[in-house]
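Colleague: One structure follows; several queries about it will come next.
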């Protein structure tokens, strides 16, 4: 990104580290509003006094202040244990998916994936030439027998008691063996300097906030948003989906919810023939799919979808 | 001054002097200087691009989220493969009492040391975070094949260095005592490295014992390095890698390319130093027979690796195999299989095919073919994940190594050749003392002489 702006932003970033109030204009922000150094002149005029880390009192325009996001800081040591007595699980109802891609948008935004990383993909699947294609939202399956964790030479990616597979990007050496081992191709790599960087979102780097503190030369992937769960909220894809495709929940409670309906997990999987991807590989995914039968929407390819949008407009 | 040799009557003496003079390392000729300068230049270009890579990350390569491993890994496998020749010539042949291989032991050990060093370097070049390399030791997880690879490659490097250094001791002592017109630092280096070697029967006994133990030790370690390297692939689910054939397949390919590397270097050394009396036509003939045997073994494993999966054409494998047999990788695949394996076998089966110049060309074909074979093992598989990848950006769907990647790879290859060249420049590439002693034993048997007194050579 615009690294040449980083020096002038250093002073501003220092405020962010105060953790009480944060200044909105990060490197990205200042480019987007195009105001650069003159932003104060265009502000609301109301000044707020703040204490900088150097002990100086600095005046900042009120317009440039933003409430810091309320995310608990779980350090990388604590993040290895998991949330006690939970066993997270997801069910994806393929009959409801129409490739609206709201899940992906929300995921990209909240995990700051930038242009080239994808934690969540909506894949076009077709099991055989005769049967109809369908859309399959695909993310890390947090396998109970994860091949990625097995091959990691430094224990940078690990399996927690609550079922999650996470990555400590302060330890990852970037060998990409886990990416080779994952049969679902769900891991992404920071080939260069990560595109987005927003320190206002979290105060500490943690495996629980995937993508927020992205680091060059390390692996990332879907983390099931444990930061959301700690706030008693659903992962971003679940809440963003307009069609209730994603059910998230706890296997110990035998309950999953898509935000509207809460259902019994075991009953749903039994009655609707839930299955897991590439079951024969023995990875034991924690994400179940419900087959795309009795669909809510007919299948439309991406091109058709675009044409429909145009005709509506 | 006492002689290093027990056999020292006048007839032997003059022969000793002649052999010593012929086999001592020499200064570079003008060709040698051009060669070294070129290698240094290529290595420097590679280093320049590696600095760019450290600065910007692996983004400067053609690698992306589907093709996660590229020519760095192919090059790594290639280096590990070539390094196996050290164990082949100086351990397997030596232990089976093959006397003709004596002039080839040192060159094969030099190739082994240079390539295993570069293998270690190349794997660090491939890392996203080379600054965290020590995590491999600090946070080592014994479950990971990478940890096994680190352990076994380090062990192999140490044993190979010892197998190069220990048999060099008598020669180092010889150079310390008899090499006069050399710079002071060089004489000092020989003196330090010779480690007070006097060639006494006691020292020799210990040396022979140590070399024998190391020769036995290095065989399982050599099998280990390349088997574990094959497991980096075979331990995954991916089509084309998910094979129980991979260990022996890699080992046999490694012995083949290693033997070819020895043939190529013995040809160049023979030409450059005019060593026709030491590296004879008989050596070429025997190495040619060895290479054809190793190639036939490799051919056998290739049949197992490709024919049976192609016979079944299992869903997930078929895309991969079709791409190799008839798809975009077909020209490379068939060139490598035919030009790097079948044609060399056909040529080497004939007596006429085992002459130095023909064998040099054949061995270059085998070496180039072997490098691209590693490319074909690593890259096409990654094009065929289990889930569709049609939504990935266009540029990601096919891997094209960038200029930076090629330059860094060329730099590592030049670096390996540079290490080999420098070792040959400062140390006798054919064991001097061993050659003299073997010659003495030979003549002794012929004329039944048993000299017992020690005299000076010069």
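Protein chains in written order, with the numbering used here: chain U, 1 to 313; chain F, 1001 to 1458.
Virtual Cβ for every residue (Gly too), placed ideally from N, Cα, C.
As the structure is a prediction and not an experimental result, all values here were calculated from the model.
Scan the stretch 215-236 of chain U for residues whose Cβ lies nearer than 9 angstroms to a Cβ of chain F and list them as they occur along the chain.
Modeller: Correct list: 215, 216, 217, 218 and 219.
Colleague: Name, going along the chain, the residues of the stretch 1226-1242 of chain F whose beta-carbon falls closer than 9 angstroms to a beta-carbon of chain U.
Modeller: Answer in chain order: 1232, 1233, 1235, 1236, 1237, 1238 and 1241.
Colleague: Figure out for me which residue from U/179, U/184, U/120 and U/194 has the closest Cα to the Cα of residue 101 of chain U.
Modeller: Checked all of U/179, U/184, U/120 and U/194; the closest Cα to residue 101 of chain U is U/120.
Colleague: Which runs of the beta strand (DSSP E) fall wholly inside the stretch 161-237 of chain U and span at least 3 residues, in chain order?
Modeller: Within the stretch 161-237 of chain U, the complete beta strand (DSSP E) runs of at least 3 residues are 165-167.
Colleague: Using the three-state DSSP reduction, which class does residue 1101 of chain F fall into: helix, strand or coil?
Modeller: Of the three classes helix, strand and coil, the one that applies to residue 1101 of chain F here is helix, per DSSP.
Colleague: Which chain F residues are close to residue 301 of chain U, counting only those with a beta carbon under 7 angstroms from its beta carbon?
Modeller: The premise fails here: residue 301 of chain U is roughly 11 angstroms from chain F at the closest Cβ pair, so nothing lies under 7 angstroms.
Colleague: Would a C-beta distance cut-off of 7 angstroms place residue 1025 of chain F and residue 1425 of chain F closer than the cut-off?
Modeller: Yes, the Cβ-Cβ distance between residue 1025 of chain F and residue 1425 of chain F is below 7 angstroms.
Colleague: Under a three-way DSSP split, which group does residue 1216 of chain F fall into?
Modeller: Looking at residue 1216 of chain F - three-state DSSP - the assignment turns out to be helix.
Colleague: Which one or two residues does DSSP pair with residue 249 of chain U in a beta bridge?
Modeller: DSSP lists U/89 and U/256 as partners of residue 249 of chain U.
Colleague: Please state whether DSSP places residue 1436 of chain F in a helix, a strand or coil.
Modeller: Looking at residue 1436 of chain F - three-state DSSP - the assignment turns out to be helix.
Colleague: Looking at residue 1076 of chain F: is its Cβ nearer than 7 angstroms to the Cβ of residue 1122 of chain F?
Modeller: Against a cut-off of 7 angstroms, the Cβ pair of residue 1122 of chain F and residue 1076 of chain F comes out as a contact.
Colleague: Is residue 302 of chain U buried or exposed, if buried means 16 or more other CB atoms sit within 10 Å of its CB?
Modeller: Exposed, by the Cβ-count rule.
Colleague: Using a beta-carbon distance below 7 angstroms, is residue 123 of chain U in contact with chain F?
Modeller: Yes, because at least one Cβ of chain F sits closer than 7 angstroms to the Cβ of residue 123 of chain U.
Colleague: Taking buried to mean at least 16 other C-beta atoms within 10 Å of its own C-beta, is residue 1363 of chain F buried or exposed?
Modeller: So residue 1363 of chain F ends up on the buried side.
Colleague: Considering only C-alpha positions, which residue in the set F/1289, F/1020, F/1304 and F/1223 is nearest to residue 1149 of chain F?
Modeller: For the residues F/1289, F/1020, F/1304 and F/1223, the minimum Cα distance to residue 1149 of chain F belongs to F/1223.
Colleague: Listing by chain order, which chain U residues have their CB less than 8 angstroms from the CB of residue 1246 of chain F?
Modeller: Simply none; closest approach about 14 angstroms.
Colleague: What is the DSSP secondary structure of residue 157 of chain U, counted as helix, strand or coil?
Modeller: Strand at residue 157 of chain U.
Colleague: Is there a Cβ of chain F sitting closer than 7 angstroms to that of residue 4 of chain U, yes or no?
Modeller: Low local confidence applies: a pLDDT of 43 at residue 4 of chain U is under 50, so the model's placement there is unreliable, and no value is given.
Colleague: Taking Cβ positions, are residue 1113 of chain F and residue 1161 of chain F nearer each other than 7 angstroms?
Modeller: Cβ atoms of residue 1113 of chain F and residue 1161 of chain F: closer than 7 angstroms.
Colleague: Taking beta-carbon pairs under 9 angstroms, can you tell me which members of the stretch 1129-1146 of chain F lie near chain U?
Modeller: For the stretch 1129-1146 of chain F, which is checked against every Cβ of chain U, the residues closer than 9 angstroms are 1129, 1130, 1131, 1132, 1133, 1135, 1136, 1138, 1139, 1140, 1141, 1143, 1144, 1145 and 1146.
Colleague: Output, in chain order, the set of chain F residues within a Cβ distance shorter than 7 angstroms of residue 78 of chain U.
Modeller: Within chain F, no residue comes near residue 78 of chain U; the closest Cβ sits about 17 angstroms away, beyond 7 angstroms.
Colleague: Do residue 1301 of chain F and residue 1249 of chain F have their beta-carbon atoms positioned less than 7 angstroms apart in this structure?
Modeller: Cβ atoms of residue 1249 of chain F and residue 1301 of chain F: closer than 7 angstroms.
Colleague: Counting only Cβ-Cβ distances shorter than 7 angstroms, please list the residues of the stretch 166-181 of chain U near chain F, keeping chain order.
Modeller: Within the stretch 166-181 of chain U, the qualifying residues are 171, 172, 173, 174, 175, 176, 177, 179, 180 and 181.
Colleague: Whose C-beta lies closer than 8 angstroms to the C-beta of residue 1084 of chain F among residues of the same chain, with five residues either side of it excluded?
Modeller: Answer for residue 1084 of chain F: 1112, 1222, 1225, 1226, 1251, 1254, 1255 and 1258, listed in chain order.
Colleague: I'd like the span of the alpha helix (DSSP H) that includes residue 1031 of chain F, first residue to last.
Modeller: Per DSSP, residue 1031 of chain F belongs to the alpha helix (DSSP H) from 1030-1056.
Colleague: Work out the CA separation of residue 191 of chain U and residue 217 of chain U for me, nearest whole Å.
Modeller: Distance between the alpha carbons of residue 217 of chain U and residue 191 of chain U: 6 angstroms.
Colleague: Where do the N-terminal and C-terminal ends of the alpha helix (DSSP H) with residue 1377 of chain F fall, by residue?
Modeller: That run of the alpha helix (DSSP H) goes 1356-1382.
Colleague: With 7 angstroms as the threshold, decide whether the Cβ of residue 316 of chain U is near any Cβ in chain F.
Modeller: Residue 316 of chain U lies beyond the residue range present for chain U, which begins at 1 and ends at 313; the question has no answer from this structure.
Colleague: Compare the Cα-Cα distances from residue 81 of chain U to each of U/168, U/128 and U/145 and report the closest residue.
Modeller: Minimum Cα distance to residue 81 of chain U is reached at U/168.
Colleague: Given a limit of 8 angstroms on CB to CB distance, which residues of the stretch 1063-1080 of chain F reach chain U?
Modeller: If the cut-off is 8 angstroms between Cβ atoms, the stretch 1063-1080 of chain F has 1063, 1064, 1065, 1066, 1068 and 1069 near chain U.
Colleague: Are the Cβ atoms of residue 206 of chain U and residue 106 of chain U separated by less than 7 angstroms?
Modeller: No, they are not a contact pair.
Colleague: Could you please give me the residues that DSSP links to residue 119 of chain U through a beta bridge?
Modeller: DSSP, once it has assigned bridges, lists no residue as partnering residue 119 of chain U.
Colleague: Along the alpha helix (DSSP H) that carries residue 1020 of chain F, what are the first and last residues, could you check?
Modeller: Start and end: 1010-1023.
Colleague: With a threshold of 7 angstroms between beta-carbons, can residue 152 of chain U be considered close to chain F, or not?
Modeller: Yes, contact with chain F.
Colleague: Decide if residue 131 of chain U is buried, meaning its Cβ has at least 16 other Cβ atoms within 10 Å, or exposed.
Modeller: Exposed.
Colleague: Compile a chain-ordered list of the residues in the stretch 1390-1412 of chain F whose CB is closer than 8 angstroms to at least one CB of chain U.
Modeller: Listed by position, the residues of the stretch 1390-1412 of chain F near chain U (Cβ gap below 8 angstroms) are 1390, 1391 and 1393.
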